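Accompanying notes for the structure given below.
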Amino acid sequence: MKILLLGSGGREHALAWKMAQSPACTALYIAPGNAGTAAHGTNVNIAVSDFEQIRAFCLEHQVDMLVPGSEEPLVKGVYDFFKADPALQHIPVIGPSAAGARLEGSKAFAKEFMLRHNIPTAAYREFSETSFDEGVAYLRQHTVPIVLKADGLAAGKGVVITSSHNEAVEEFKEMIRSAKFGDAGKKVVVEQFLTGIELSVFVLTDGKHYCILPTAKDYKRIGEGDTGLNTGGMGAVSPVPFAQGAFMQKVEDCIIRPTVEGLEKEGLEYQGFIFFGLINVEGDPYVIEYNCRMGDPETEVVIPRLQNDLLELFTAVQQQRLDQQTIHEDPRAAATVMLVSKGYPETYEKGKAITEVPAPTQEQLVFHAGTKAENGKVLTNGGRVLTVTSLASDLLSALTHSKQTAATIQFEGKYYRRDIGYEFVG
Ligand code: AMP
Ligand code: GLY
C-alpha cells in the first residue's frame, strides 16, 4: 500500500514512524515532511492544502491512501475533494468530510452539536455583530472567569480567558469589530469556566464503530508551572493516571458514543480520528473542544504506546469493520518533552544546527517537528523543534529519561519545560 501523509510536525513524524513499520506499507510519502520523516519515507515538497498538486501526485505515484495529519486540509475539504473526483474517489482519506470537520472548524457548530446530543460541555451563548449589544450586556453580568472563543480556526490562539469584565468586553469588541482573529472571530462563543484537570482522549472511527486509543495529557503553556503564553504544546504524558474505570466509562457512555452516533444520525461523514479535549470536573468529564485529527504532541506518546498495526486499523476504517479490531496498548508509560526555539511562541530564529540527537532505542525516540536537512546537517526550522519520547515502567522514569536527553541535544537557543507531568509524579 502506498501512503501519502500530509503535514510536517512531530505528530506526522510519529505517524510516519508507525506506518512505515507496517508490512502493508510499500511506499510512504510525506508532504511536506521534515528532517525526521525523511528517515521513514520520501518527503515531497507540496503544501498540505494544495489539493491540485496533491491530486497530481496521487495519480502519478498511484497512492492508495491519504492520511492528513493536521486539521487544515480536512476543514478545507480534502475528503470531499477526493470523493467528488472520479480519478481519486477510490483513494480512502483518513479523516472527516468538511461537514464533519466543523466539529473543530466551528466552535458554535460544536456547541450546538453537543447540545443536540446531550453531551456534557460548559454552558454557553453565541454572539455576532447582530447581537453585539446583547453580548456586552451578557458579559457584564457573567460570573468570572469568562471564557471567550473565536468561532473559527485561529491557529490555536482563539481562546481568551479573563477575570475582568472590562477586559472581556474589550476582547469581545476586538474579535467582532476589529477582526482580531480575522473572520474566525466574527462569531464569538462565551462560555462558563470549568475547573479541573484536562486530558485528551482519541478515538478512531469508521463512521459506525470506534476504537479508543491510549489517553494523554498535554502541557500547553510555555512556562513551568503552566504559566505564560499558550503554545502548540510543550510535552505530554500517556496514559493519564485518573483516566480509567468509572471515569472512562462515563467518557465512553456520555461523550464518545453519543458523538459517533450523532455524526452518523446527522449524516456527517467521518472516517478518521476524533480528538476529545476533556476536563475532569470532580469525576465528571466535560468536552472543552473537539478536534478532527490527532493531537500534537499527544501523538508522540499515544502512537508509541499503540501496539496495533496502524495501517491495518486504517484499512478497517475504510472497510467499516473497526468493530473487529481490538486496541493493544503498551503497558509502559510514555512521556515526551518538546525542545523549542528561544522566543517561541513569539518570534524566534531558524537555521540553528542541531547536534547530539541519539539514535532510537526500544525505550526512546526523538521525533522531529520544526527541522530541515541541509547540506548533511539538521537545522531548526520552526518554534517547536523536536520532542523526546521515552517509555518506561513508570511515568517518573520515562520523564527522567526524556529530560536527560533533552539536556544533551544541542542547538542554539534551546528551551524545554522540566516539569512535564508534574501533577502525576509529585
Ligand atoms: P481550546 O482552544 O478550546 O482548546 O481552548 C484552549 C484552552 O483554554 C483549553 O485547553 C483550556 O485550557 C482552556 N479552556 C477552554 N474552554 C474552557 C472552559 N470552558 N473552562 C476552562 N478552561 C477552558
Ligand atoms: N496538543 C493540542 C492539540 O494538538 O491541539
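The numbering of the sequence shown is our numbering, which starts it at 177 and goes up by one.
All residues carry an ideal CB built from backbone N, CA and C; glycine is no exception.
Treat the numbers as computed from the prediction; the structure is a model and nothing was measured.
Check, Outcome
"Terminal residues of the alpha helix (DSSP H) in which residue 311 lies", "308-316"
"Whole runs of the alpha helix (DSSP H) within the region 248-320, excluding any shorter than 4 residues", "254-259, 274-281, 283-292 and 308-316"
"The region 503-515 touching the region 574-586, judged by at least three CB pairs closer than 8 Å", "yes"
"Beta-bridge partners of residue 384, as assigned by DSSP", "Looking at the DSSP assignment, residue 384 forms no beta bridge with any residue, so it has no partner."
"Buried or exposed (CB count within 10 angstroms, at least 16 for buried), residue 594", "exposed"
"Residue 321 and residue 600 closer than 8 Å at C-beta", "no"
"Cβ separation of residue 517 and residue 547, assumed to be a contact under 8 Å, to the nearest whole Å", "Residue 517 to residue 547, Cβ: 11 Å. No contact."
"Residues sharing a beta bridge with residue 238, DSSP", "Answer by DSSP bridge pairing: none, since residue 238 is not bridged."
"Entirely enclosed alpha helix (DSSP H) segments - the region 320-360, minimum 4 residues", "341-352"
"Whole beta strand (DSSP E) elements within the region 472-560, 3-residue minimum", "509-517, 540-544, 547-550 and 553-556"
"For residue 534 and residue 285, the rounded distance between their alpha carbons", "44 Å"
"Neighbour-count burial assignment, residue 319, 16 or more Cβ in a 10 Å radius", "exposed"
"Three-state secondary structure (DSSP) of residue 570", "coil"
"Stretch-stretch touch, CB-based, cutoff 8 Å, three pairs: the region 309-316 with the region 476-487", "no"
"Cβ of residue 598 within 8 Å of any chain C Cβ", "Here chain C cannot be found, since the structure has a single protein chain."
"Expected contact under 8 Å - CB spacing of residue 261 and residue 177 to nearest Å", "The Cβ separation is near 20 Å, so there is no contact."
"Cut-off 7 Å between Cβ atoms - residues of its own chain near residue 191, not counting five sequence neighbours on either side", "181, 243, 245, 475 and 479"
"When 202, 589 and 356 are compared against residue 523, the one with the closest alpha-carbon", "589"
"Residue 256 CB to nearest heavy atom of the ligand GLY below 7 Å", "no"
"Whole beta strand (DSSP E) elements within the region 190-237, 3-residue minimum", "203-208"
"Bounding residues of the beta strand (DSSP E) (the contiguous stretch that carries residue 423)", "It is not in any beta strand (DSSP E) - residue 423 instead sits in the alpha helix (DSSP H) that spans 421-426."
"Reduced DSSP category for residue 434 - H, G, I as helix; E, B as strand; rest coil", "helix"
"The beta strand (DSSP E) enclosing residue 364, as first and last residue numbers", "364-368"
"Short Cβ contact (8 Å threshold) for residue 194 with residue 486", "yes"
"Whether residue 578 touches residue 513 by CB criterion (8 Å)", "yes"
"Residue 455 versus 338, 393, 410 and 215, residue with shortest Cα-Cα distance", "393"
"Meets three-Cβ-pair contact criterion under 8 Å: the region 394-402 and the region 333-349", "no"
"Test item, CB below 5 Å from any non-hydrogen atom of the ligand GLY", "394, 409, 471 and 472"
"Terminal residues of the alpha helix (DSSP H) in which residue 601 lies", "598-601"
"Heavy atom of the ligand AMP within 7 Å of residue 298 beta-carbon", "yes"
"Euclidean distance between Cα positions of residue 369 and residue 273", "31 Å"
"Rounded straight-line distance, which links the Cα of residue 218 to that of residue 551", "17 Å"
"Collapsed DSSP secondary structure at residue 186 in the structure displayed", "helix"
"Meets three-Cβ-pair contact criterion under 8 Å: the region 416-430 and the region 345-358", "no"
"Within 8 Å, strictly: CB atoms of residue 352 and residue 364", "yes"
"Simplified DSSP state of residue 429, which is helix, strand or coil", "helix"
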